[in-house]
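Enquirer: Can you read through this structure? Questions will come right after.
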């Protein structure tokens, strides 16, 4: 189906080729990395090989043998946070949501009474806070988080923690999470950073924070790192790291953790800074193209040059009535009729910020100009 | 390493051969099925094939395509509970522990104030109850649960729920869980059954319960069904099934769920009753043999003819001083020096019942007389 030699990549050609050649060929125009990226042969093989080893030697014998691989993966996680090898605590969990739940249940003193967050916080995170009995408190800050707004907030209130989502699920804005974390550290309030959409995608270095700042970062395997589903992580630093209950789920998809280790190793080998720059180029190219081609019908939600690969669009008029367009159905038609995979982002992803649903377009390093052509043609065909 | 033709199986020869031929050869004497059994080629392939499909088509496109397979698996779970196809709600979770957590957090009215359980309850279950703020209350019943004791207890107290572990992690006794559930149903108290060690192992039919009894059963994939790690399930029936919050974790090891579906299909094809009878024969044969060969040094904890495949032994004297023997170290030596894999069961597995640790021996349908010979010889060598 595909003719890779004819593709015009949006990322630097060497990175695009490396990404494309190391994983199974696509069966569709895959613009859904922010949901789950396409795993590599190395990840698929590491995962399957561990599962086979479990069958041959027993699950726990195989897990013990994989311990050094997982420890190296923990250091790869630390490196992406700008932490020294062996610094802080890194735990593998079932998913990002599970990691947040483990953190909240594992805090010294138990689940906190309150947690502060921005208006654009990821809806399921707020729902989980509520479900566990935490009262969410909204900080008055614009969409692009203003660290000074958090500083003012913390001058008057002392929540149990501040929760910051580094890159949203509903929009590709890269938030100044490290700067907000610094404000929290200065105020002596623990900060919990949701890096599910940020890890392996944008700069997640926290090395400017004082080493004694209480910070927890959690994320997932399946998105930008293109590791297996069913694996997440939580990493903690500062005195809190020693006071948290153990966060790691002992009984888990260990084969997937080994697969994540392979994905982290590939990410390290490609060069995290080069991957970030490549992904930002993909997102920027997609947004500029969509803005130019779809003007009058769709609008791009982010700033066009936002340094992330996540692009979101929403109907503005023309052949698409914003008030009546069923975006979930439209996304299903893009897939079924045109083989173009995107994400329907309903307002539940960020009830405090979204007024209308959006269509999310998230390629990866192998996304080519032809993929955007296909998306544009499909969007014109269904609208 | 192995010469299957020379093996003298403890289970009926056809079942033993079917089990052995359908999975990778063992690299050691695997007597650890109660921790994680050895997956079949079909399970390994179904899991890996789904993961590859995720890489080719996208994780959520692949998940949508797998929905009919997972629905069939839900019906296979129901069948093992004696429930009609489509009856009640069956949710896939990350693990048995995660399933219990989901159930407790998902109860109408929130986490219950109290939960009643037997003295021999699985320690980590009690710890999870406490961690979520549930007060555990112990029912005064002998080791082999007495339904009448639960009846008397419920006549005087009304806990939020009764929690029953069908087969323990620390001992192979098959508890009359269905009878206890019937008592709870008659008292109008919801019952939550931990079937992690029971499912695919012993009779888990609940068809004698009234259809309007509030019952939840949860378990795991990796033990007797020999499915992948990182997958569990919760099944609910009665009015409660409609009042529980959705239990299924949407973001999960979906490939593993597809693998569990393959394991359930194999279990169905082998015949659940035949598997149960075969596993009971394995356990009975192991216990009689260990009791006879190790008399004076080790004692078998269960009744010798208990209809389960889990056998547990503990030191009684002779060359092993029960007070000073380090069973964890002994189990490590069995593995490292003799290639015999067993489980160290510390008292934390059942703090209310265990006084000393035990060594757990849990073969499966392919366990042969020679495996028990190897275990006996290894136990003599290390003691």
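Protein chains in written order, with my numbering: chain A, 22 to 404; chain B, 22 to 404.
Virtual Cβ for every residue (Gly too), placed ideally from N, Cα, C.
These numbers come from a predicted model, not from an experiment.
When the distance is taken between beta carbons, is residue 166 (chain B) closer than 8 angstroms to residue 199 (chain B)?
Expert: In the second chain, the residue the question calls residue 199 (chain B) occupies position 178. In the second chain, the residue the question calls residue 166 (chain B) occupies position 145. Not in contact: residue 199 (chain B) and residue 166 (chain B) (Cβ atoms no closer than 8 angstroms).
Enquirer: Spatial neighbours of residue 404 (chain A) within its chain, please: C-beta separation below 7 angstroms, excluding the five flanking residues on both sides.
Expert: Reading the first chain from its first residue, position 383 is the one you call residue 404 (chain A). Hits under 7 angstroms: 318, 340 and 341.
Enquirer: Report yes or no: is there a C-beta of chain B within less than 8 angstroms of the C-beta of residue 81 (chain A)?
Expert: For the purposes of this step, residue 81 (chain A) is taken as residue 60 along the first chain, with counting starting at 1. So, interface residue.
Enquirer: Among all the DSSP beta bridges, which residues are the ones paired with residue 240 (chain A)?
Expert: Indexing the first chain from 1 puts residue 240 (chain A) at position 219. Residue 240 (chain A) pairs with A:254.
Enquirer: Extract the residue ranges of the alpha helix (DSSP H) inside the stretch 291-342 of chain B, only unbroken runs of 4 or more that lie entirely within it.
Expert: Taking only runs of at least 4 residues, the alpha helix (DSSP H) segments lying wholly in the stretch 291-342 of chain B are 293-314.
Enquirer: Can you name, in chain order, every residue of its own chain whose Cβ lies under 7 angstroms from the Cβ of residue 373 (chain A), other than the five neighbours on each side?
Expert: As a position in the first chain, residue 373 (chain A) is number 352, starting the count at 1. Excluding residues within five positions, the ones whose Cβ falls inside 7 angstroms are 140, 141, 142 and 159.
Enquirer: Are the Cβ atoms of residue 117 (chain B) and residue 241 (chain B) separated by less than 8 angstroms?
Expert: Along the second chain, read from residue 1 onward, the residue named residue 117 (chain B) stands at position 96. Along the second chain, read from residue 1 onward, the residue named residue 241 (chain B) stands at position 220. Going by C-beta atoms, residue 117 (chain B) is nearer than 8 angstroms to residue 241 (chain B).
Enquirer: How would you list, in chain order, the residues of chain B whose beta-carbon sits under 8 angstroms from the beta-carbon of residue 57 (chain A)?
Expert: Against the first chain, residue 57 (chain A) aligns to sequence position 36. The contacting residues are 75, 79, 80 and 81.
Enquirer: Does residue 140 (chain A) come within less than 8 angstroms of chain B when only Cβ atoms are used?
Expert: The residue given as residue 140 (chain A) occupies position 119 in the first chain. No, residue 140 (chain A) does not count as interfacial toward chain B.
Enquirer: Excluding the five sequence neighbours on either side, which residues of its own chain have a C-beta within less than 6 angstroms of the C-beta of residue 174 (chain B), listed in chain order?
Expert: Here residue 174 (chain B) corresponds to residue number 153 of the second chain, with the count starting at 1. Answer for residue 174 (chain B): 160, listed in chain order.
Enquirer: In its own chain, which residues sit with a C-beta less than 6 angstroms from the C-beta of residue 14 (chain B), not counting the 5 before and 5 after it?
Expert: With chain B covering only 22 through 404, there is no way to say anything about residue 14 (chain B).
Enquirer: Using only alpha-carbon positions, find the residue among B:62, B:326, B:314 and B:50 that is nearest to residue 395 (chain B).
Expert: Looking up residue 395 (chain B) in the second chain gives position 374. Nearest of B:62, B:326, B:314 and B:50 to residue 395 (chain B), Cα basis: B:50.
Enquirer: With respect to the beta strand (DSSP E) encompassing residue 365 (chain B), which residues constitute its N-terminal and C-terminal limits?
Expert: Within the second chain, numbered from 1, the residue matching residue 365 (chain B) stands at position 344. Per DSSP, residue 365 (chain B) belongs to the beta strand (DSSP E) from 364-366.
Enquirer: Within 8 angstroms (strictly less), CB to CB, does residue 135 (chain B) reach chain A?
Expert: Counting from 1 along the second chain, the entry for residue 135 (chain B) is found at position 114. Closer than 8 angstroms: no.
Enquirer: So that I know if they touch, is there some Cβ in chain B lying closer than 8 angstroms to that of residue 68 (chain A)?
Expert: Position 47 of the first chain, counting from 1, holds the residue named residue 68 (chain A). Yes, its Cβ sits closer than 8 angstroms to a Cβ of chain B.
Enquirer: By the criterion of Cβ-Cβ separation under 9 angstroms, what are the contact partners of residue 268 (chain B) in chain A?
Expert: As a position in the second chain, residue 268 (chain B) is number 247, starting the count at 1. Chain A residues near residue 268 (chain B): none, gap ~13 angstroms exceeds 9 angstroms.
Enquirer: Mind checking whether residue 60 (chain A) and residue 244 (chain A) have CB atoms under 8 angstroms apart?
Expert: Along the first chain, one-based indexing puts residue 60 (chain A) at 39. Along the first chain, one-based indexing puts residue 244 (chain A) at 223. Contact flag unset, no.
Enquirer: Exposed or buried, residue 209 (chain A), counting other C-beta atoms within 10 Å across all chains shown (16 or more means buried)?
Expert: Position 188 of the first chain holds residue 209 (chain A). Exposed: under 16 other Cβ atoms inside 10 Å.
Enquirer: At 3 residues or longer, what runs of the beta strand (DSSP E) sit wholly inside the stretch 148-214 of chain B?
Expert: As far as the stretch 148-214 of chain B is concerned, its whole beta strand (DSSP E) runs of at least 3 residues are 156-159 and 182-186.
Enquirer: Look up residue 98 (chain B) in the DSSP assignment and say whether it is helix, strand or coil.
Expert: Position 77 of the second chain, counting from 1, holds the residue named residue 98 (chain B). Note: residue 98 (chain B) maps to helix in three-state DSSP.
Enquirer: Are the stretch 303-321 of chain B and the stretch 276-285 of chain B in contact at 8 angstroms, needing three or more beta carbon pairs?
Expert: Verdict: no, contact absent.
Enquirer: Enumerate in chain order the residues of its own chain whose CB-to-CB distance from residue 87 (chain B) is below 7 angstroms, with the five nearest sequence positions on each side excluded.
Expert: As a first step, residue 87 (chain B) must be located in the second chain, where it is residue number 66. Cβ neighbours of residue 87 (chain B) beyond the five flanking positions: 71, 275 and 279.
Enquirer: With burial defined as no fewer than 16 other Cβ atoms inside 10 Å of the residue's Cβ, what is the status of residue 264 (chain A): buried or exposed?
Expert: To locate residue 264 (chain A), count along the first chain from 1; it is residue 243. The residue is exposed, with fewer than 16 neighbouring Cβ atoms inside 10 Å.
Enquirer: Going by DSSP, which residues form a beta bridge with residue 135 (chain A)?
Expert: In the first chain, the residue the question calls residue 135 (chain A) occupies position 114. Paired residue(s): A:156.
Enquirer: Just to make sure I have the definition right: I need the residues of chain A whose C-beta is within less than 9 angstroms of the C-beta of residue 49 (chain B). Which are they?
Expert: As a first step, residue 49 (chain B) must be located in the second chain, where it is residue number 28. What residue 49 (chain B) touches in chain A: 77, 78, 79 and 82.
Enquirer: Give the range of the alpha helix (DSSP H) segment to which residue 352 (chain B) is assigned.
Expert: Reading the second chain from its first residue, position 331 is the one you call residue 352 (chain B). Its alpha helix (DSSP H) spans residues 348-359.
Enquirer: With a threshold of 8 angstroms between beta carbons, is residue 118 (chain A) in contact with chain B?
Expert: Here the question's residue 118 (chain A) lines up with position 97 in the first chain. Yes, its Cβ sits closer than 8 angstroms to a Cβ of chain B.
Enquirer: Counting only Cβ pairs nearer than 7 angstroms, list the residues of chain B close to residue 152 (chain A).
Expert: Counting from one through the first chain, the residue named residue 152 (chain A) turns up at place 131. 126, listed in chain order.
Enquirer: Pull out every residue of the stretch 305-336 of chain A whose Cβ sits closer than 9 angstroms to any Cβ of chain B, in chain order.
Expert: The stretch 305-336 of chain A vs chain B, Cβ under 9 angstroms: nothing.
Enquirer: At which residues does the alpha helix (DSSP H) containing residue 382 (chain A) begin and terminate?
Expert: Translated into positions along the first chain, residue 382 (chain A) becomes position 361. First-last for residue 382 (chain A): 379-383, but that is the beta strand (DSSP E), not the alpha helix (DSSP H).
Enquirer: Flag this pair as yes or no: are the beta carbons of residue 386 (chain A) and residue 299 (chain A) separated by less than 8 angstroms?
Expert: Within the first chain, numbered from 1, the residue matching residue 386 (chain A) stands at position 365. Within the first chain, numbered from 1, the residue matching residue 299 (chain A) stands at position 278. The answer is yes: Cβ separation under 8 angstroms.
Enquirer: Determine the chain A residues that contact residue 46 (chain B) at a beta-carbon separation under 9 angstroms, and present them in chain order.
Expert: Mapped onto the second chain, residue 46 (chain B) falls at position 25. Under the 9 angstroms cutoff, chain A gives 77.
Enquirer: Using a Cβ-Cβ cutoff of less than 8 angstroms, which residues in the same chain neighbour residue 106 (chain B) once the five nearest sequence positions on both sides are dropped?
Expert: On the second chain, residue 106 (chain B) is found 85 positions in, with the first residue counted as 1. Taken in chain order, the residues that qualify are 96, 99 and 100.
Enquirer: Taking the alpha helix (DSSP H) that residue 403 (chain A) belongs to, which residues open and close that run?
Expert: On the first chain, position 382 is the one that residue 403 (chain A) refers to. From DSSP, the alpha helix (DSSP H) with residue 403 (chain A) extends over 390-403.
Enquirer: So is residue 352 (chain A) in contact with chain B if we call contact Cβ pairs under 8 angstroms?
Expert: The residue given as residue 352 (chain A) occupies position 331 in the first chain. Not one chain B Cβ lies under 8 angstroms of residue 352 (chain A).
Enquirer: Going by other Cβ atoms of all chains shown within 10 Å of its Cβ, with 16 needed for buried, is residue 180 (chain A) buried or exposed?
Expert: Along the first chain, one-based indexing puts residue 180 (chain A) at 159. Residue 180 (chain A) should be labelled buried.
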